[in-house]
Every structure is written in structure tokens, then in C-alpha cells.
Amino acid sequence: MWWVCRVHCQSPAVTRILLTEDVSYLLTRPPNQQGSAPRYGPEEASSRLPVSKKPPHFRPSLQPKRCRPVDLYYMEFAVQMTCQSCADAVYKALSGKPGVQSVDIKLQSEQVIVKTSLPTDVIKSMIESTGRVAVLQGFGGTSGLHLGAAVAAMDVGAKEIRGVVRMVQTSEDSCLFEGTVDGLPPGHHSLCVHEKGDISDGCTSCGDVFGAGETEKAKGILQELEVGESGHATFQFSNKQLKVWDLIGRSLIIHKGSQMNSVNNRLVCGIIARSAGLI
Numbered sequence: 001m002w003w004v005c006r007v008h009c010q011s012p013a014v015t016r017i018l019l020t021e022d023v024s025y026l027l028t029r030p031p032n033q034q035g036s037a038p039r040y041g042p043e044e045a046s047s048r049l050p051v052s053k054k055p056p057h058f059r060p061s062l063q064p065k066r067c068r069p070v071d072l073y074y075m076e077f078a079v080q081m082t083c084q085s086c087a088d089a090v091y092k093a094l095s096g097k098p099g100v101q102s103v104d105i106k107l108q109s110e111q112v113i114v115k116t117s118l119p120t121d122v123i124k125s126m127i128e129s130t131g132r133v134a135v136l137q138g139f140g141g142t143s144g145l146h147l148g149a150a151v152a153a154m155d156v157g158a159k160e161i162r163g164v165v166r167m168v169q170t171s172e173d174s175c176l177f178e179g180t181v182d183g184l185p186p187g188h189h190s191l192c193v194h195e196k197g198d199i200s201d202g203c204t205s206c207g208d209v210f211g212a213g214e215t216e217k218a219k220g221i222l223q224e225l226e227v228g229e230s231g232h233a234t235f236q237f238s239n240k241q242l243k244v245w246d247l248i249g250r251s252l253i254i255h256k257g258s259q260m261n262s263v264n265n266r267l268v269c270g271i272i273a274r275s276a277g278l279i
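If you use UniProt numbering, the sequence shown corresponds to residues 1 to 279, in order.
The following block contains the structure:
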């Protein structure tokens, strides 16, 4: 796990920027009569300066915001590479890009292993921008422990909707959901875990939302999806309530809109099955 800081996080780089823009002019004031520079706190210094000299963005009470953790995971692709220049092209397409922490290319076995926080289809597109086909072979967490993985093929329901959702237990208290679905109608939809992995009657036989009635918000309600005119949805998020081992044998459903009580708005579903997941 690594850390991504927002603009106001208290990191040395941000601190230097704030000092340069907000209070560095205090350090250039002429010495006082005793030959030492006056030392003011931000608010006192602000009150002593003419209003016209205060920078417009001066915020003496600025408080740093907390950093938020971002889950990293490994993904392994099979990529046809026949020479060193092929491997160099793939490495150049991935290395140094935001969200990509490391790239390991094994030319002899034609494997590309990426440590990243980005969705699989984003990394796949980066690799394929070099003119080579990339096939995902492995997907897993970075803890080094086999904490569990699962996958759901979203192919039951509307014939035009197809996709896949992967689940990886990246730590003892965090389950990563990552998926891509195509053919969805434009609009607002909801992704949910349902109690049963029974698709004998399509998505209508999957039971209720997992955990419905236990709390105000059922723990099976995962994520809202905003789908554009292309019908393509890509998502990646972590969940602290669910564990992979609690999901296997249940089902995932994408509901049309935000109403999850009706069986008539279930667009597509898939059974959650155990996956090797790890590389």
C-alpha cells in the first residue's frame, strides 16, 4: 500500500509551495532596530501588512487534510514479444505513468507484470497501444499472502451486456473490486452483491441484496455506476465490509437506476466463483 496526498497534505513539497506563495515575503522584511528580523505568526503578520500586499490566496488558518490510502495490486499479461525492442516499447508505454508503480518484463516467457492502482483494461490499453495484443493471465494483491480471489462473468440477462468483475482480498480488512462491463444502457445504475448464486431463472432467482434488513444500508450495495452513451463502464474500488470468502457462491447484479427491490430492473448478473487470482 502506498499513499497519494491531496493538494493540502502536509508533505515537504507542499509545505515549500505554501511557504513560497503565502509567507516567504515575511522573510525579506528589513531588520528591526536591534538588527534581527521580526518574527510574526501568520495571523499577526497578516494584520501588520497593508491589505494591498496580502496575496489573494492567503489563508492563515489552512489545515492539512489527511492522506488517503490507495490499494496496489499485481496484474500479469501475456504479450507477444519477439525481440528486445518489443520489450522496450512495452516498458516505455507503461513506465512512469500515473498509477503505475513498477513494470517487470520477462522477454523469454513473454510476460509483463505490472504493479498498479489502475483498472486492468487501462493497463491493457497502454500495452496494446504498442501494436501488441495483451491477454490478462493473473491478478492479485501485493501482500504476498494468498488471501483469496474471485471472479464473476457478467453474462446472464440482457444478451447485449457482457463484462467481468474481479475481486481480490488485498489485506485482512480490504476487498478490491475491479471490473469492466459493455453494452449497458446510458444512465445511473447500481452494482450489488445478492444472496444466492442461482441463475436458473436468470437474474430474478438470485435472491435479495446481500445483508438486506440487517442495517440501514445493506452491505451488499457496492457502487453506483454512471454510464455514458458508449454503454461502457469501468470501475475499481475497495470495500471494508465484505470479504472474498463471504462472496463466493453468491451473485453480482447491476440494477437499472437506484431501486434494488424490484426484480424487473436487474440488467445483468453473474455467479461469483473462486479464482486463483494471484500471480
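Where is the CB? At the ideal position from N, CA and C, for every residue including glycine.
Residue i: which of the options sits nearest, CA to CA?
{"i": "K219", "options": "V227, S174 and V209", "result": "V209"}
{"i": "V165", "options": "S200, V193, L72 and S171", "result": "V193"}
{"i": "M167", "options": "M81, Q80, K243 and C83", "result": "K243"}
{"i": "N264", "options": "Q241, G138, K217 and G202", "result": "G202"}
{"i": "T170", "options": "D71, R274, I272 and S275", "result": "D71"}
{"i": "T120", "options": "G96, G163 and S109", "result": "G163"}
{"i": "P222", "options": "L94, N239 and A212", "result": "Position check: residue 222 holds Leu in this sequence, whereas Pro was assumed. If we check each option's Cα against that of L222, N239 comes out closest."}
{"i": "V140", "options": "M75, M260, C269 and E110", "result": "Before going on, a small fix: residue 140 reads as Gly here, not Val. Of the listed residues, the one whose Cα sits closest to G140 is M75."}
{"i": "L175", "options": "V103, G231, F237 and V100", "result": "Per the sequence shown, the amino acid found at residue 175 is Cys instead of Leu. Ranking the options by Cα distance to C175, first place goes to F237."}
{"i": "K97", "options": "S85, Q111, I271 and T116", "result": "T116"}
{"i": "residue 318", "options": "F177, L225 and E160", "result": "For residue 318 there is no data in the structure shown, the boundaries of the chain being 1 and 279."}
{"i": "R274", "options": "S109, S251, P186 and L225", "result": "S251"}
{"i": "G213", "options": "M260, H232, R266 and G231", "result": "M260"}
{"i": "I161", "options": "G231, I271, G138 and D198", "result": "G231"}
{"i": "A276", "options": "Y73, C83 and G138", "result": "G138"}
{"i": "E224", "options": "I253, D173, E128 and V114", "result": "I253"}
{"i": "D198", "options": "E172, I272 and P186", "result": "I272"}
Going by other Cβ atoms of all chains shown within 10 Å of its Cβ, with 16 needed for buried, is residue i buried or exposed?
{"i": "E229", "result": "exposed"}
{"i": "T215", "result": "exposed"}
{"i": "K124", "result": "buried"}
{"i": "K217", "result": "exposed"}
{"i": "H255", "result": "buried"}
{"i": "S85", "result": "exposed"}
{"i": "G270", "result": "buried"}
What distance in whole Å lies between the Cβ atoms of residue j and residue i, which are believed to be in contact at a cut-off of 8 Å?
{"i": "V227", "j": "L184", "result": "5 Å"}
{"i": "T130", "j": "A78", "result": "T130 to A78, Cβ: 14 Å. No contact."}
{"i": "L107", "j": "M81", "result": "6 Å"}
{"i": "S95", "j": "V103", "result": "5 Å"}
{"i": "V181", "j": "A233", "result": "5 Å"}
Leaving aside the five residues before and after residue i along the sequence, list all residues of the same chain whose C-beta is less than 6 Å from its C-beta, in chain order.
{"i": "S258", "result": "S190"}
{"i": "G207", "result": "H194, E195 and K196"}
{"i": "G211", "result": "A218, K219 and G220"}
{"i": "M126", "result": "A93 and L94"}
Counting only the same chain and skipping the five closest in sequence on each side, list residues whose C-beta sits under 7 Å from that of residue i.
{"i": "G179", "result": "G163, V164, V165, R166 and F235"}
{"i": "I105", "result": "A87, V90, Y91 and V112"}
{"i": "E128", "result": "A134"}
{"i": "H188", "result": "E224, E226, G257 and S258"}
{"i": "G99", "result": "T116, S117 and L118"}
Going along the chain, which residues of its own chain have a beta-carbon closer than 8 Å to the beta-carbon of residue i, five neighbours each way excluded?
{"i": "D88", "result": "none"}
{"i": "T204", "result": "V263 and R266"}
Chain D beta carbons: is any one of them nearer than 9 Å to that of residue i?
{"i": "Q137", "result": "Among the chains in the structure shown there is no chain D, since it carries only a single protein chain."}
Any contact between the stretch 146–158 and the stretch 240–248? By contact I mean 3 or more CB pairs, one from each, below 8 Å.
The stretch 146–158 is in contact with the stretch 240–248.
Can at least three beta-carbon pairs, one atom from the stretch 127–140 and one from the stretch 152–162, be found at a separation below 8 Å?
No: the two stretches stay apart, fewer than three of their Cβ pairs being nearer than 8 Å.
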